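Those letters in the sequence shown? Residues -23 to -1, 1 to 355, by mature numbering (1 follows the signal peptide of the UniProt record, and there is no 0). The next block holds one structure in the form of structure tokens; read it before the comments.
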Amino acid sequence: MEINFAVVILILVIAITNAPSSASLVTFIFGDSLAEVGNNNYLQLSLAKSNFPFYGIDFAGGKATGRFTNGRTVGDIISAKLGIPSPPSYLSISEDDDALLKGANYASGGAGILNETGLYFIQTLSFHDQINKFQRTKESIKAKIGEGPANKLCNEAVYIIGIGSNDYVNNFLQPYLADALQYTHDEFVELLISTLGEQLTRLYQLGARKMVFHGLGPLGCIPAQRAKSSKGECLSQVNLWVQTFNSKVQNLIVNLNSHYYPSAQLKFADTYPAVLDLIEKPTAYGFKVSNTSCCNVDSRVGGLCLPNSKLCSNHNEYVFWDAFHPSDAANVVLADHFFNVVFSNSPPPIPLPLHLQFLVKLTHFCRYIITQKVFFFK
Ligand SMILES: *[C@@H]1O[C@H](CO)[C@@H](O)[C@H](O)[C@H]1NC(C)=O
Ligand SMILES: *[C@@H]1O[C@H](CO)[C@@H](O)[C@H](O)[C@H]1NC(C)=O
């Protein structure tokens, strides 16, 4: 009896310490303009900026922040669902700011997996640069709270990564750039995957354990690509390439998981089918238009929404805000989907009474014991 009692206590202790509540969730975000919250504002020479009207017109305060949409990014919406603030852009906070203890956003418009992606934007934070910045963040956190707690914080944090769109749109699909001239798609996708593998491994070595990579959407259907088709249709070749990339990333993640199991858990969130469905059946989601953008942009020259552009009258009826980026309303749909895929069984963000919190944690722990699998948030 006494032994059983001890075991129960042990289980309780482990259950409580193993299941951090979402209120303490630390998130580090890596990516491109789909996730950026303002890093490029701090890169003086960068041409990939959105710190002018009409960006942010539907954001709190109505001001452009460096987000490449009229309102919130998917990351903003997911953070709100989790009951945590959206992590600030890394370059907006000083290295000794306590805010770093809650996470940071390294995403940078125009950035890619490859260093040479988006080179005509002059300055971006490539994924390589973003990981370097994270390394500095970890050093700052160590200096603040000590090595052991810093390692623990980094191990328990969630890393949300979405990158690769620019390696297509602002690299491989630009016929005059070196990569397009030099590589076949098979060669190019292998280069992307092997580089990404090294980058995810580097994040692992820096302490990342819970990583979610969200795959690419149907890039052949963004207005900037449709403009290249005589009838304004999706470019099916581009969509096929993107799907090849996604399935190879999925394989990469299976391999990394088997390599690092059980210490690390990587997830692939396949957003392609959800985005394609939204584009193909906009009315089913309350939208009217998905084949052109709300902001009337000339996609042959840049495709960003400039201050002299004409806007549609109802921003929520359009899936796309500019020639590349979804509108706030579309981001809500995509965030809902992403949230269900990744955070489906997580404890609700609203704090439960203590005894119920405990039951939730115990259930999670038992499920862990039973399945012997480590799927975080499940
Ligand atoms: C990117 O650039 C950095 C710094 O110049 C270099 O160390 C790294 O190996 C490069 N990565 C790739 C994939 O070329
Ligand atoms: C978008 O689709 C509508 C019909 O669904 C069509 O009338 C319109 O020309 C299309 N616009 C573009 C830019 O292809």
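For each residue, glycine too, the CB sits at the ideal point set by N, CA and C. Note that the structure is predicted; figures quoted are calculated from it, not measured.
Note down the Cα distance separating Tyr181 from Ile199, rounded to an integer number of angstroms.
-> 33 Å
What span of residues does the beta strand (DSSP E) with Ala185 cover, start to end?
-> Run containing Ala185: none; DSSP gives neither H nor E here.
Using the C-alpha atoms, what's the distance from Ile34 back to Lys287?
-> 13 Å
Could you name the residues of the same chain whose beta carbon sits closer than 6 Å to that of Ile230, not counting the 5 residues immediately before and after it, in chain order?
-> Leu243, Phe245
So, is Thr4 buried or exposed, given that buried needs 16 or more other C-beta atoms within 10 angstroms?
-> buried
Which ranges does the beta strand (DSSP E) cover as unbroken runs of at least 3 residues, wholly within the segment 147 to 211, from first to last along the chain?
-> 187 to 191
According to the Cβ coordinates, are Asn293 and Ala306 closer than 8 Å?
-> yes
Asn216 beta carbon less than 8 Å from that of Thr50 | no
Neighbourhood of Leu311 by C-beta distance below 6 Å, restricted to the same chain and skipping five residues each side = Val51
Per DSSP, what kind of secondary structure is Val296 in: helix, strand or coil?
-> strand
Pull up the distance between the alpha-carbon of Phe264 and that of Tyr32, whole angstroms please.
-> 20 Å
What is the DSSP secondary structure of Ala127, counted as helix, strand or coil?
-> helix
Residue of Tyr145, Gly48, Ser171, Gly139 minimising C-alpha distance to residue 443 | Residue 443 cannot be examined here, being either before or after the span of the chain that is shown, -23 to 355.
Using 7 Å as the cut-off, classify the Cβ of Thr50 as near or not near the heavy atoms of ligand 2, replying yes or no.
-> no
Would DSSP call Pro326 helix, strand or coil?
-> Only weak support exists for where Pro326 lies, its pLDDT of 41 falling under 50; the value from the coordinates is given anyway. If DSSP states are grouped into helix, strand and coil, Pro326 belongs with coil.
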